[in-house]
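What the sequence shown shows, in our numbering, is residues 477 to 812, in sequence order. Glycine included, every Cβ here is placed at the ideal spot set by N, Cα and C. Keep in mind the model is a prediction, meaning the values are calculated, not measured. Structure first, then comments.
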Amino acid sequence: MINPVVNQIPTAPVDKVITPANPSWLQLNHLPATTNGFESGATKLRKMLFETNELIVCPGVYDGLSARTAMELGFDALYMTGAGTTASRLGQPDLAIAQLHEMRENAEMIANLDPFGPPLIADMDTGYGGPIMAARTVEQYIRAGVAGAHLEDQVLMKRCGHLSGKKVVDRGEYISRIRAAHAARVRMRSDFVLIARTDALQQHGYDECIARLKLARDEGADVGLCEGFISKAQAAQAVKDLAPWPLLLNSVENGKSPTITVDEARAMGFRIMIFSFATLAPAYLAIKETLLRLKTQGVVGTPKDVTPVTLFEVCGLKHSMAVDMDAGGLSFKEGV
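What follows is the structure, given as structure tokens:
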């Protein structure tokens, strides 16, 4: 049963309200849209989720360049991977080494490359502590411009969802994290999309995952995520067992789950699909191949059409030049 006190939305004057559909959990999870003509990433994501039937495909990005490249190709939403953030910023494996400040700083940078661009979903791991820290994480993510995030039930010394040996906390501790996270976004009057993730499949089995996600849904989570499906049939069944509540599918090729294509996920009824290693794994391969060429042949071998200007243009060079010239600056009068 949904707790009406926990899910109560504070009254605030707004210019526009997203009209929810019939399910009571959706009505209670509805939050006011941002005013003053600017639509936040959270509001955009919420509209995509609850006002359309489209599958939201999010490539996993881990730094400014990977995010800019995804934006260049026109993806409607992005996903900041915790594994990629840990690897790129710290050079460490995904073993709860990155904490709130590293994750929030990276998410804030990516979300604000173009505040009017695609909304960003981010990893928020276990919330980095008890209910107080889960709430603090949501508050910081909202202030950083993050549109939504998934909060999981692993123990604080967590690990990547596609490694063996995962352990989860008991139901009560997990739900306290969800409850605190939901209350935080209500206090912030934000459309922030709260995604409840469970990693209980390895340790406790499928039925426990569904039970946990139902509890999280009833405490205000907008979307569910069961990590590490062992078969396509199991993934499809989860969508049916939790309908009409929207589910997110995490695609990690060569991980613990079978590869599910975008078309297959759409047919199953998933509403969001994230590709956590979409840019990280290819970046590793390309960097390794290039450095090996440098080591053995003495050249990098960059294609002639990839110049410094090309890369800088992906990262907003033309915009920076326009800002300077429109203000009367002369820094670029002779071009670049």
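Note down, in chain order, each residue of its chain lying with its Cβ closer than 7 Å to the Cβ of residue i, except the 5 sequence neighbours on either side.
| i | result |
| --- | --- |
| A587 | G517, L596, A620, G621 and V622 |
| L783 | Position check: residue 783 holds Thr in this sequence, whereas Leu was assumed. Within the same chain, T783 has no close Cβ partners at all. |
| K642 | Q630, R635, D675, Q678 and Q679 |
Hey, how far is the Cα of residue i from the Cα of residue j?
| i | j | result |
| --- | --- | --- |
| D675 | A572 | 14 Å |
| I532 | G593 | 15 Å |
| D694 | V662 | 15 Å |
| G560 | G681 | 27 Å |
| R688 | G603 | 17 Å |
| Q630 | M797 | 46 Å |
| E649 | E628 | 11 Å |
| Y555 | A598 | 6 Å |
| P591 | D717 | 36 Å |
| L670 | D698 | 5 Å |
| K690 | A762 | 42 Å |
| S640 | Q710 | 19 Å |
| D802 | M664 | 36 Å |
| D646 | Q679 | 11 Å |
| M547 | D781 | 20 Å |
| S666 | G696 | 13 Å |
| W721 | Q773 | 55 Å |
Round the Cβ separation of residue i and residue j to the nearest angstrom and send it over; I've been treating them as touching at under 8 Å.
| i | j | result |
| --- | --- | --- |
| D570 | G558 | 6 Å |
| M600 | M633 | About 16 Å; that fails the 8 Å criterion. |
| S652 | P607 | 5 Å |
| A672 | V614 | The pair is not a contact, with the Cβ atoms about 13 Å apart (cut-off 8 Å). |
| A583 | Y617 | 6 Å |
| G704 | G637 | 6 Å |
| T735 | V537 | Not confirmed; about 20 Å, so no contact. |
| L768 | V776 | At roughly 11 Å, the Cβ-Cβ gap does not stay under 8 Å, so L768 and V776 are not in contact. |
Apply the 10 Å Cβ neighbour rule to residue i and answer buried if 16 or more other Cβ atoms are within range, or exposed otherwise.
| i | result |
| --- | --- |
| F668 | buried |
| K520 | buried |
| H577 | exposed |
| H658 | buried |
| K809 | exposed |
| M744 | buried |
| V644 | buried |
| M524 | buried |
| V799 | exposed |
With a CB to CB cut of under 6 Å and the five nearest residues on each side skipped, what residues in its chain are close to residue i?
| i | result |
| --- | --- |
| I748 | I532 and L724 |
| N529 | none |
| C685 | T674, A676, L677 and C702 |
| C791 | R544 |
| G731 | H638 |
Which same chain residues, not among the five before or five after residue i, have their C-beta less than 8 Å away from its C-beta?
| i | result |
| --- | --- |
| E740 | K708 |
| V785 | L793 and V812 |
| G804 | none |
Open item on the list: Contact between the stretch 724–734 and the stretch 745–762 is defined here as three or more beta-carbon pairs at a separation below 8 Å; is this criterion met?
Closed with: Judged by pairs of C-beta atoms under 8 Å, the stretch 724–734 touches the stretch 745–762, as three or more such pairs exist.
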